[in-house]
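Okay, so here's the structure we're looking at.
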Amino acid sequence: MGMSDSNDGGVGGDVFTETTQQSWFSRIGNALVGLILGLLLIPAGSVLLFWNEGRAVQTARSLTEGAGLVVSVSPDEIDRAREGRLIHVAGTLTIPSPPRDAEFNLVAPAGALRLFRRVEMYQWQEESRSETRNRLGGGTETVTTYTYSRGWHEGRIDSSRFHQPEGHQNPQARSTSRNWNAENVRLGAFRLEAAQINEISADQDLGEATRYIGQDANAPRLGDMRVSWRMARPEALSIIAAQTGDGFGPYATRAGDRLMMVERGRMPAAAMFAAAEEDNAILTWVLRLVGALVIFFAFSLLFAPLKVVADIIPPLGWLVGFGTGLLAAMLTLVLAPVIIAIAWLTFRPLLAGAIILVGL
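Numbering-wise, the sequence shown is residues 5 to 364 according to this note's numbering.
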């Protein structure tokens with residue numbers, strides 16, 4: 005493998021290119037390593053698909069169980085007879101004192117449940133773009149362009165990991181992003197802990213509450229910082245959880261899950277379970293897609309040596325690559341549904357059997 009660097013940044017020196025050459029024999033070696041990885045990823049993707057179907061069924065059973073057991077109670081008093089039972093509480097929050105950012109001496113408005121401080125620093129950022137060309141004989145040439153620019157970014161970027169760190173060092177941050185929760189929060193007679201409060205995101209800007217750390221906001225310099233705040237100020241919350249003392253805890257279902265749901269506003273228990281079922285369905289399809297992509301990538305790795313061999317003549321390599329990609333997609337479309345079907349026969353035998361009978 006060969007390598008060369010050049011600076012195309014002109015006066016600023018902020019654009020660098022790196023050219024690398026990889027021989028055909030090196031590519032074959034990498035493709036064979038990828039083939040071994042592909043052999044491992046096919047069962048990994050299959051296990052993910054199988055596990056996901058079991059997870060979806062377990063979650064659905066837990067939600068069905070919870071929906072049948074939950075009892076809506078008044079937030080105004082705690083009935084000790086319901087200790088450990090699954091309850092639904094909806095009501096107005098009582099927040100004695102809102103959260104405070106002591107570093108900047110900023111107190112959130114009355115009624116704020118959470119406070120989030122976002123700190124951005126003006127610093128160097130690296131972007132890279134690569135272009136690979138096949139060469140006659142099966143080798144490749146890759147040209148990577150690294151572009152350095154200054155801009156605002158939350159959190160300090162580690163400039164020591166840049167391809168060209170010299171002249172692009174970022175200073176240490178003088179402050180960092182943080183979250184605060186209000187203390188002694190009550191939902192009627194019930195006490196809220198961080199486990200419930202953290203379920204509510206701080207998504208409301210504090211408007212004029214911004215700070216600039218530097219000389220001139222219109223001409224920022226390296227290391228300047230700008231600080232803004234967001235808060236969560238829900239007037240009411242709805243919670244489904246196990247009654248634990250004067251607070252809430254996760255409810256252990258017979259299916260093996262731990263239920264605890266928190267939503268803004270006053271939401272009926274049925275609506276909260278319906279939303280949870282929808283989330284479960286979405287997650288199931290997302291993981292199905294991820295599992296299928298893992299299997300497709302694995303098959304692509306298995307066929308990669310064929311493309312490398314054909315790349316001795318670049319046009320032939322493109323045709324073989326297209327064909328092996330199409331074959332990988334077809335095999336994925338066969339294997340993934342088979343794995344899901346086997347999982348259904350394992351976790352949903354009655355439904356799977358009914359579908360088979362209808363198909364016959």
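We put the CB at the ideal spot given by N, CA and C, even for glycine.
- A straight line joining the alpha-carbon of I204 with that of R160 spans about 26 Å.
- Rounded to the nearest angstrom, the gap between the Cα atoms of G141 and V313 is 10 Å.
- The shortest C-alpha to C-alpha distance from P318 to any of R137, M276, Q129 and N284 is the one to R137.
- Taking a C-beta distance under 9 Å as the contact criterion, R165 and G227 do not qualify as a contact pair.
- Taking C-beta atoms as the reference points, H167 and E197 fail to come closer than 9 Å.
- Contact annotation: the region 16-33 does not touch the region 216-234, with fewer than three C-beta pairs closer than 8 Å.
- The three-state reading of DSSP puts Q62 in helix, counting H, G and I together.
- Q168: not part of any beta strand (DSSP E); DSSP gives it neither H nor E.
- Shown here for G115: same chain residues with a beta carbon closer than 8 Å to its own, the five before and five after excluded, namely L97, I99, P102, R237 and E239 in chain order.
- Taking the Cα of R118 as reference, the smallest distance to any Cα among L263, A302, V338 and L210 is reached at L210.
- Rounded to the nearest whole angstrom, the C-alpha separation of I201 and E281 is 22 Å.
- Per DSSP, T257 lies in no alpha helix (DSSP H) and is assigned neither H nor E.
- For the region 237-317, the full-length alpha helix (DSSP H) segments reaching 4 residues or more read 273-314 along the chain.
- Look at T180 here: in three-state DSSP terms it is coil, with no helix or strand label.
- A distance below 6 Å between beta-carbons, with the five flanking residues on each side excluded, links G42 to the following residues of its chain, in chain order: A302, L305 and L306.
- Boundaries of the beta strand (DSSP E) harbouring A94: L90 to T98, taken from the DSSP string.
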